[in-house]
């Protein structure tokens, strides 16, 4: 292995390109996209070796095709990409939602799961975006979740696992539905809450003073509200049902806490805060924070 | 100046003690508390010079008394502390809520605002607590909000301003009500949301996997849920009305975003996420993040 094609060169695709070139996992990395701005930049920065705006040309020699476009565009592209995969080539992705992409792939493949499709989600990134922010070690010690189906080709799965292993990531397997539920809770919901909080405060009359007197805790809490709006719109649309469920579960708990505040129930609040602190502290000890 | 007394030696009181001793703003720093564990530790660590469990003795020679106990206890102590202030001495505090403490002081002072009381709120701290975590430079480049009233003695105000200036903090003045509203939005509400999120996830069936696959964004977002439960119970009780208002305002906005997700209204979500990102990015540029 051989030829890698990145479709949609941004932070994640660019960082993967840098890593596989650096380790030699791939001989050559090419780029494809609708526009050439990021691709030109990618060549200038040495992230990719070459690029084309012609999909036929791009896919003719690619052994591994990484669909790294925003989630919804990635879904729409399935119909163009799948039929152009060369014999024995593998299609993979980096999207934050797996169910919607699997559906799109099945719809684009006569109702059948494409065996050469290996869905993958590297849990890495930052509030920065774009190929300019890409780094070769972005995935080191980060988890990459693979969501193979019973139809997934075993060799294709092994190759994508080896690719992510080579980046220094910790690769784990999970079901598609389980992935989307867990990510809704740990990532999509927190982003929804952070965006909501910042927007609510910015809309308030006192917003200037509010932001002026915000401190470190606020900075950390709202960091993810500086994430890419297009990416998060797509995620919210693609993982709609799970995110609605997560919002509702959160709202129920917030309503319970609101009652405690309203009733000045200090004991119940102390219990809740202590439970939450213990859960987070235990989580951080495991993560080595 | 001269003799400083810290009532309730924890992270904030301990850090202030270290700073005024290091800069020479005070000659001597003593401690008082109900129990001697933290006070003993404070002497061992060189944070304070001495301590007593006798309030009369503690206050006999103190020129500045810093009420650094948790918010509710600080309010309850007003009735014991105010009458014991020596002639010309100043009482100040470090609590996160000002209205409830001012009320307690007025109630303990025959319905009159004590002129020698200067309410102050250093916006610093961390999810750590206790005198062991205290450091002399905790307040450097952090804001300290003073909330003087028309009745506040001008010399007392100037002294407390000078004390906080000496720690490297940026000192600003604000009304009591304005302080409590702004802090509800920027600090108390985010803590409520972080505690609620972690508790909701910990209560979920999939909690083990949820915490296992949580990434950096989640770690930052929930950092404040590792804060001291007693401190935050007290704040929630002391700033009840403002916090209820902040929760309701947030819930309205969350409900609006939920509708957007439910209606798959990508344009509205993109607008909201873009607005929030712009507001936060502008805020971070001002803060030099």
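Residue numbers (the working numbering), protein chains in the order written: chain B, 60 to 348; chain F, 60 to 348.
Think of the CB as a built atom: it goes at the ideal place given N, C-alpha and C, for glycine as much as any other residue.
It should be emphasised that the depicted structure is a prediction, and the values quoted were computed from it without experimental measurement.
1) Any C-beta of chain F sitting closer than 9 Å to the C-beta of residue 341 of chain B?
2) First and last residue of the beta strand (DSSP E) that includes residue 87 of chain F?
3) Distance cutoff 9 Å, beta carbons only. Does residue 220 of chain F sit that close to anything in chain B?
4) Could you list which residues in chain B have their beta carbon closer than 7 Å to that of residue 331 of chain F, in chain order?
5) To test your reading of the DSSP string, which unbroken beta strand (DSSP E) runs of 3 or more residues are found completely within the region 144–217 of chain B?
6) Can you have a look at residue 69 of chain F and say buried or exposed, based on whether 16 or more other CB atoms are within 10 angstroms of its CB?
7) Listed from N- to C-terminal order along the chain, which residues in the region 175–189 of chain B have their beta-carbon within a distance smaller than 7 Å of any beta-carbon of chain F?
8) Would you give the residue range spanned by the alpha helix (DSSP H) that residue 107 of chain B belongs to?
9) Output needed in chain order: residues of the region 295–312 of chain F with a Cβ under 7 Å from some Cβ in chain B.
10) Can you confirm whether residue 96 of chain B, when its beta carbon is compared against all beta carbons of chain F, has any partner nearer than 9 Å?
11) Here's the rule: buried if 16 or more other CB atoms are within 10 angstroms of the residue's CB, otherwise exposed. What is residue 347 of chain B?
12) Do the region 312–321 of chain F and the region 244–258 of chain B make contact, defined as three or more Cβ pairs closer than 8 Å?
13) Quick check: the region 196–209 of chain B against the region 173–188 of chain B, are at least 3 beta-carbon pairs closer than 8 Å?
14) Where does residue 267 of chain B land, buried or exposed, given buried means 16+ other C-beta within 10 angstroms?
15) Can you give me the C-alpha to C-alpha distance between residue 130 of chain F and residue 158 of chain F, rounded to a whole angstrom?
16) Report the rounded CA-to-CA distance for residue 277 of chain F versus residue 85 of chain F, giving the unit in angstroms.
17) I'd like the list of long-range same chain contacts for residue 175 of chain F, defined as Cβ closer than 7 Å, with 5 residues on each side in sequence excluded.
18) Pick helix, strand or coil for residue 232 of chain F, following the three-state DSSP scheme.
19) Where do the N-terminal and C-terminal ends of the alpha helix (DSSP H) with residue 132 of chain F fall, by residue?
20) According to the neighbour-count rule (16 or more other Cβ atoms, all chains shown, within 10 Å of its Cβ), is residue 64 of chain B buried or exposed?
21) Considering residue 303 of chain F, what are the terminal residues of the alpha helix (DSSP H) in which it resides?
22) Can you tell me the Cα-Cα spacing of residue 225 of chain B and residue 82 of chain B, whole angstroms?
23) Residue 153 of chain B and residue 72 of chain B look like a contact to me (Cβ under 8 Å); what is the Cβ gap, rounded to whole Å?
24) In the DSSP assignment, find the unbroken beta strand (DSSP E) run with residue 57 of chain B in it and report its ends.
25) Mind checking residue 336 of chain F: buried by the 16 CB within 10 Å criterion, or exposed?
26) So what does DSSP say about residue 296 of chain F, is it helix, strand or coil?
27) Could you give the C-beta distance for residue 270 of chain F and residue 342 of chain B, rounded to a whole number, given that I count them as a contact under 8 Å?
28) Rounded to the nearest angstrom, what separates residue 283 of chain B and residue 325 of chain F at their Cα positions?
29) Should residue 334 of chain F and residue 306 of chain B be called a contact, given that it needs their Cβ atoms to be closer than 9 Å?
30) In terms of alpha-carbon separation, which member of F/231, F/136, F/340 lies closest to residue 272 of chain B?
31) Measuring straight from C-alpha to C-alpha, what distance separates residue 329 of chain F and residue 218 of chain B?
Concretely, from the data shown:
1) Here residue 341 of chain B refers to the residue found at position 282 of the first chain. At least one C-beta of chain F is nearer than 9 Å to the C-beta of residue 341 of chain B.
2) In the second chain, residue 87 of chain F corresponds to position 28, counting from 1. 87–91 is the extent of the beta strand (DSSP E) around residue 87 of chain F.
3) Reading the second chain from its first residue, position 161 is the one you call residue 220 of chain F. The C-beta of residue 220 of chain F comes no closer than 9 Å to any C-beta of chain B.
4) Here residue 331 of chain F refers to the residue found at position 272 of the second chain. Within chain B, the residues near residue 331 of chain F are 254, 258.
5) Runs of the beta strand (DSSP E) inside the region 144–217 of chain B: 149–152, 179–181, 202–205.
6) As a first step, residue 69 of chain F must be located in the second chain, where it is residue number 10. Label assigned to residue 69 of chain F: buried.
7) Correct list: 182.
8) The residue given as residue 107 of chain B occupies position 48 in the first chain. Careful: residue 107 of chain B lies outside any alpha helix (DSSP H) and carries neither H nor E.
9) For the region 295–312 of chain F, which is checked against every Cβ of chain B, the residues closer than 7 Å are 295, 296, 299, 302, 303, 306, 308, 309, 310, 312.
10) On the first chain, position 37 is the one that residue 96 of chain B refers to. Contact of residue 96 of chain B with chain F is not assigned, every C-beta pair being separated by 9 Å or more.
11) Counting from one through the first chain, the residue named residue 347 of chain B turns up at place 288. Any reading at residue 347 of chain B must be qualified, since the residue scores a pLDDT of 49, below 50, and its modelled position is unreliable; the value itself is stated next. The C-beta of residue 347 of chain B has fewer than 16 other C-beta atoms within 10 Å across all chains shown, which makes the residue exposed.
12) Yes: the two stretches touch, three or more of their Cβ pairs being nearer than 8 Å.
13) Cβ pair count under 8 Å is three or more, so yes.
14) In the first chain, counting from the first residue as 1, residue 267 of chain B sits at position 208. When all chains shown are included, residue 267 of chain B counts as exposed.
15) Here residue 130 of chain F is taken as the residue at index 71 of the second chain, counted from 1. Here residue 158 of chain F is taken as the residue at index 99 of the second chain, counted from 1. Straight through space, the alpha carbons of residue 158 of chain F and residue 130 of chain F are spaced by roughly 11 Å.
16) Numbered from 1 along the second chain, position 218 holds the residue referred to as residue 277 of chain F. Numbered from 1 along the second chain, position 26 holds the residue referred to as residue 85 of chain F. Their backbone Cα atoms lie some 42 Å apart in a straight line.
17) If you number the second chain from 1, residue 175 of chain F lands on position 116. Cβ within range, chain order: 144, 148, 149, 150, 212, 215.
18) The sequence position of residue 232 of chain F within the second chain is 173, counting from 1. Three-state DSSP puts residue 232 of chain F in a strand.
19) As a first step, residue 132 of chain F must be located in the second chain, where it is residue number 73. Segment 130–140, the alpha helix (DSSP H) holding residue 132 of chain F.
20) By one-based count along the first chain, residue 64 of chain B stands at place 5. Buried.
21) As a first step, residue 303 of chain F must be located in the second chain, where it is residue number 244. Start and end: 299–321.
22) Working through the first chain from its first residue, we reach residue 225 of chain B at position 166. Working through the first chain from its first residue, we reach residue 82 of chain B at position 23. Their Cα atoms are separated by approximately 7 Å.
23) Reading the first chain from its first residue, position 94 is the one you call residue 153 of chain B. Reading the first chain from its first residue, position 13 is the one you call residue 72 of chain B. That belief holds up - the Cβ atoms of residue 153 of chain B and residue 72 of chain B are roughly 7 Å apart, short of 8 Å.
24) Chain B is shown from 60 up to 348; residue 57 of chain B falls before or after that span and cannot be answered.
25) In the second chain, the residue the question calls residue 336 of chain F occupies position 277. Around the Cβ of residue 336 of chain F, a 10 Å sphere holds 16 or more other Cβ atoms; the residue is buried.
26) Counting from 1 along the second chain, the entry for residue 296 of chain F is found at position 237. If DSSP states are grouped into helix, strand and coil, residue 296 of chain F belongs with the helices.
27) Taking the second chain and counting its residues from 1, the one referred to as residue 270 of chain F is at position 211. Taking the first chain and counting its residues from 1, the one referred to as residue 342 of chain B is at position 283. With 8 Å as the limit, residue 270 of chain F and residue 342 of chain B qualify as a contact, their Cβ atoms being about 4 Å apart.
28) Along the first chain, one-based indexing puts residue 283 of chain B at 224. Along the second chain, one-based indexing puts residue 325 of chain F at 266. Annotation: residue 283 of chain B to residue 325 of chain F spans about 19 Å, alpha carbon to alpha carbon.
29) On the second chain, residue 334 of chain F is found 275 positions in, with the first residue counted as 1. On the first chain, residue 306 of chain B is found 247 positions in, with the first residue counted as 1. In this structure, residue 306 of chain B does not lie closer than 9 Å to residue 334 of chain F by Cβ.
30) Against the first chain, residue 272 of chain B aligns to sequence position 213. Taking only the C-alpha atoms, the option nearest residue 272 of chain B is F/231.
31) Here the question's residue 329 of chain F lines up with position 270 in the second chain. Here the question's residue 218 of chain B lines up with position 159 in the first chain. In this structure, the CA atom of residue 329 of chain F is about 36 Å from the CA atom of residue 218 of chain B.
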